[in-house]
Structures are given as C-alpha cells and as structure tokens.
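Working notes for the structure below.
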Ligand code: 5GP
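In the UniProt record's numbering, the protein residues as written are 1 to 190.
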C-alpha cells in the first residue's frame, strides 16, 4: 500500500445556470479558502457597471478573442446564451496546476465538456437551484438584464439543468453556507 496524498492538486470545473448564485457561492468559497486559484475568463461581452477588467473578466474585442483562439491560448471557449464568447486562458491554469494549487473554473456546460475532453482527471461539479421557480425568481429579482435577455438566459438554463447528470456531483444552492461547505469538501479542502 502506498502513501495517499490528502490534497491532490486538482482542477475543479463549476457549472451552474444563470442566477443560481454562482458568483456569491464562489466569492464566499474564496474568502474561506484564499488558497484557491480562480481562473479569470476572457469575454467579448461589455462590462457591467462595477466590473473590473482583469478581475471579473478580461474584456476583449472580437478580433482579440479570435487571436487568442487561433493561437491555441484558450483551454476551452463557448458562445454563451447565443450572444457572446467566453473562454478560459490556458496559461494561468497550467501554471497554477504545476505549482500544485487548487484551480477553479466557473464556466458553462459546453466549456465543461471541452475541459473533460482535454483534462479528464478534472472534477466536474454542477451548482443547481432549489427549484425552477426559485431560479426564475432570482433572475427577475436581480434585474440586471432586459426581459429579452432574461428569456434567453432561461432557455439556456433549461438546457443546462438537463445536463446536470453529466457531472461528478451536484450541489444545491439552497443555503449559502452549506453550498460553500459542500464545494470545499468536494474540492478536498475541508
Ligand atoms: P455572465 O455574462 O453572466 O458573466 O456569464 C454568463 C455565463 O458565461 C456564465 O453562466 C458562465 O458560466 C459562462 N462563462 C463565464 N466564463 C466562461 C468561460 O471562460 N468559458 C465558458 N465556456 N463559459 C464561461
């Protein structure tokens, strides 16, 4: 019998539909576990008020995004909500993994499938709402999107919920603290 490493450095991919509260869960997880390296995605969408380039996203033009993809600098990328492209820069992720860090990606289902194809040893977690009605309520209450955009996001959310069974684990975001604990345990941090 060999020794077992208790904290295997690993890549965790977190997926969840719009308005499930991913942002809040991830923020809370990172304040409890600042040792986690959170990947900052590149996107072609415009910043929302208060979003900082390089912190929330790297906000890039369509041409710049094309260049990143063509240069092989994206670990994965996808067109999300039929509107804008989002992708994970490859270099920082590889660097953090080589340093033995726990790395977290917060991406969509299509992106998660690409990561599974290239890094099958990664760990795939789905963050689900307590119910469909609760998801709709959270999206409406947030009020950051137009009605048309809300409809588009709900259509995507339906498809994402249908893919939940593809994941290694499902965490229900009912109680924030519990969801954060579940995630931390799944990541081998608690
Ligand atoms: P938002 O526009 O609300 O910031 O993000 C919309 C969706 O894009 C999120 O649900 C998130 O999962 C997805 N997303 C963010 N970054 C990435 C990424 O790097 N790759 C992929 N495939 N999806 C992403």
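Even glycine gets a Cβ: it sits at the ideal position worked out from N, Cα and C.
According to the DSSP assignment, residue 33 belongs to no alpha helix (DSSP H), since it is labelled neither H nor E. In the DSSP annotation of this structure, residue 171 is not part of any alpha helix (DSSP H); the continuous beta strand (DSSP E) holding it starts and ends at 169 to 172.
Nearest to residue 45 by C-alpha distance, out of 143, 81, 33 and 157, is 81.
In chain order, 37 and 103 place their CB closer than 7 Å to the CB of residue 96, counting only its own chain and leaving out the 5 sequence neighbours on each side. Each residue's CA atom was taken as its position, placing residue 115 and residue 63 some 23 Å apart. No residue range can be given for residue 47, since it is assigned to no alpha helix (DSSP H) and is classified by DSSP as neither H nor E. When C-alpha distances from residue 168 are compared across 189, 162 and 125, the shortest belongs to 125. The criterion of a C-beta distance shorter than 8 Å is satisfied by residue 42 and residue 89. The closest heavy atom of the ligand 5GP lies 7 Å or more from the beta carbon of residue 55. Between the segment 124 to 138 and the segment 170 to 183 there are three or more C-beta pairs closer than 8 Å, enough to call the two in contact. Listed in chain order, the non-local C-beta contacts of residue 28 below 7 Å within the same chain comprise 176 and 180, local neighbours out to five positions each way being set aside. The residues 184 and 189, in chain order, have a CB closer than 7 Å to that of residue 33 in the same chain once the five nearest residues on each side in sequence are set aside.
Within the segment 99 to 155, the beta strand (DSSP E) runs of at least 3 residues that lie entirely inside it are, in chain order, 103 to 106 and 123 to 128. In the three-state reduction of the DSSP assignment, residue 26 falls in the helix class, which pools H, G and I. Within 7 Å of the C-beta of residue 71 there is not a single heavy atom belonging to the ligand 5GP.
Looking at the DSSP output, residue 78 sits in a beta bridge with 86. Going by C-alpha positions, residue 21 is about 20 Å away from residue 84. The three-state reading of DSSP puts residue 189 in coil, since its state is none of H, G, I, E or B. In its chain, beyond the 5 residues on either side, 11 have a beta carbon closer than 7 Å to the beta carbon of residue 119.
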